[in-house]
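If you read the sequence shown in this note's numbering, its first letter stands for residue 1297, the second for the next number, and so on.
Even for Gly, the Cβ is constructed at its ideal location relative to N, Cα and C.
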Amino acid sequence: MYYSKTTGCTYLPAIHGAAMPADAVPISAERYDTVIANPADGKVRSHDADGQPILIDPPVYDPAPEDIERALTVALNKYLDTVAGQRRYDSRFTCSLRAGFPGPFQEEGRVFAAWMDACNMAAYQLMAEVKADGRAVPTEAELIAAMPVIKWPASPIPAGAA
């Protein structure tokens, strides 16, 4: 049996023959069993300097700041959409758009748009504190918990219609 560090795969000469990668090295049946077939829980496969497969602890994922910011922005936008959905709007855009149109839903739109702005400002404040190293990066749950609570006006939808 052979192993290629380039592909991370095993090869059998009788099956793969000349198609084996150039860096394929022989491995023992014992190594195959312990590293390839039955790896220890919590370990990932790598290779040593000789190209032999080995098990290591998974590398620590350290996302770039822009990746964290992007993920938290997605979480906040999902939350805004969810809150808009409390009043049967399909998104934050539809709900806040109502603020610009006179009619029975205008007040809901105004309240939501003002609340959404307050949420965005709170998120920007958190971002500024994190970037100044004065605060740990919040989890998605911590970000949402830091948002103000919306105070919806009375619903214009007649009772029993909702």
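Report task. Just the C-alpha distance for L1372 and A1457, rounded to the nearest angstrom, thanks. Result -> Your numbering for residue 1372 matches position 76 in the sequence shown. Your numbering for residue 1457 matches position 161 in the sequence shown. About 30 Å.
Requested in this report: Return the Cβ separation of Y1375 and M1417 in integer angstroms, given the expectation that the two are a contact with Cβ distance under 8 Å.
Outcome: Within the sequence shown, numbered from 1, the residue matching residue 1375 stands at position 79. Within the sequence shown, numbered from 1, the residue matching residue 1417 stands at position 121. Wrong, their Cβ atoms sit about 15 Å apart, outside the cutoff.
**Report entry** Integer-rounded CB distance, given that V1407 should sit under 8 Å from I1446
**Finding:** Taking the first residue of the sequence shown as 1, we reach residue 1446 at position 150. Taking the first residue of the sequence shown as 1, we reach residue 1407 at position 111. Confirmed, Cβ separation roughly 7 Å.
Query raised in the report: A1333 to I1364, Cα distance in whole Å?
Result: The residue you call residue 1333 lines up with position 37 of the sequence shown. The residue you call residue 1364 lines up with position 68 of the sequence shown. Distance between the alpha carbons of A1333 and I1364: 35 Å.
Report task. Output the boundary residues of the alpha helix (DSSP H) element that contains L1422. Result -> In the sequence shown, residue 1422 corresponds to position 126, counting from 1. Counting along the chain, the alpha helix (DSSP H) containing L1422 begins and ends at Q1402 to K1427.
Requested in this report: Ignoring anything shorter than 4 residues or poking outside the stretch 1307-1353, list the alpha helix (DSSP H) runs there in chain order.
Outcome: 1309-1312
Query - Sequence-distant residues of its chain with Cβ nearer than 7 Å to I1352 (five each side left out) - result: Translated into the one-based positions of the sequence shown, residue 1352 becomes position 56. If we look at I1352 and ignore the five residues flanking it on each side, its Cβ neighbours are K1339, V1340 and S1342.
Query raised in the report: Where DSSP assigns a beta bridge to C1391, which residues make up the other side?
Result: Stepping through the sequence shown from its first residue, residue 1391 is reached at position 95. Looking at the DSSP assignment, C1391 forms no beta bridge with any residue, so it has no partner.
Report task. Let me know if Y1385 comes out buried or exposed under the rule of 16 or more other beta-carbons within 10 Å of its beta-carbon. Result -> Your numbering for residue 1385 matches position 89 in the sequence shown. So Y1385 counts as buried.
Query - Y1375, enclosing beta strand (DSSP E) - first and last residue - result: By 1-based counting over the sequence shown, the position of residue 1375 is 79. Here Y1375 belongs to no beta strand (DSSP E); instead the alpha helix (DSSP H) covers P1361 to G1381.
Query raised in the report: Going along the chain, which residues of its own chain have a beta-carbon closer than 6 Å to the beta-carbon of C1415, five neighbours each way excluded?
Result: Locating residue 1415 in the sequence shown gives position 119, counting from the first residue. Listed in chain order, the non-local C-beta contacts of C1415 below 6 Å within the same chain comprise M1443, local neighbours out to five positions each way being set aside.
Query raised in the report: If you check the beta carbons only, do C1391 and E1404 fall under 8 Å apart?
Result: The residue you call residue 1391 lines up with position 95 of the sequence shown. The residue you call residue 1404 lines up with position 108 of the sequence shown. Contact: yes.
Query raised in the report: Is the CB-CB distance between L1368 and L1439 below 8 Å?
Result: Residue numbering aside, residue 1368 sits at position 72 when the sequence shown is read from its first letter. Residue numbering aside, residue 1439 sits at position 143 when the sequence shown is read from its first letter. A contact, by the Cβ cut-off of 8 Å.
Requested in this report: Look up S1300 in the DSSP assignment and give the residues it is bridged to.
Outcome: In the sequence shown, counting from the first residue as 1, residue 1300 sits at position 4. C1305.
Query - Classification of L1422 by the beta-carbon crowding that lies within 10 angstroms, buried from 16 upward - result: Numbered from 1 along the sequence shown, position 126 holds the residue referred to as residue 1422. Label assigned to L1422: buried.
Query raised in the report: So the alpha helix (DSSP H) A1437 belongs to, where does it begin and stop?
Result: Position 141 of the sequence shown, counted from the start, is the residue given in the question as residue 1437. Membership of A1437 in the alpha helix (DSSP H) is indicated by the continuous run E1436 to A1441.
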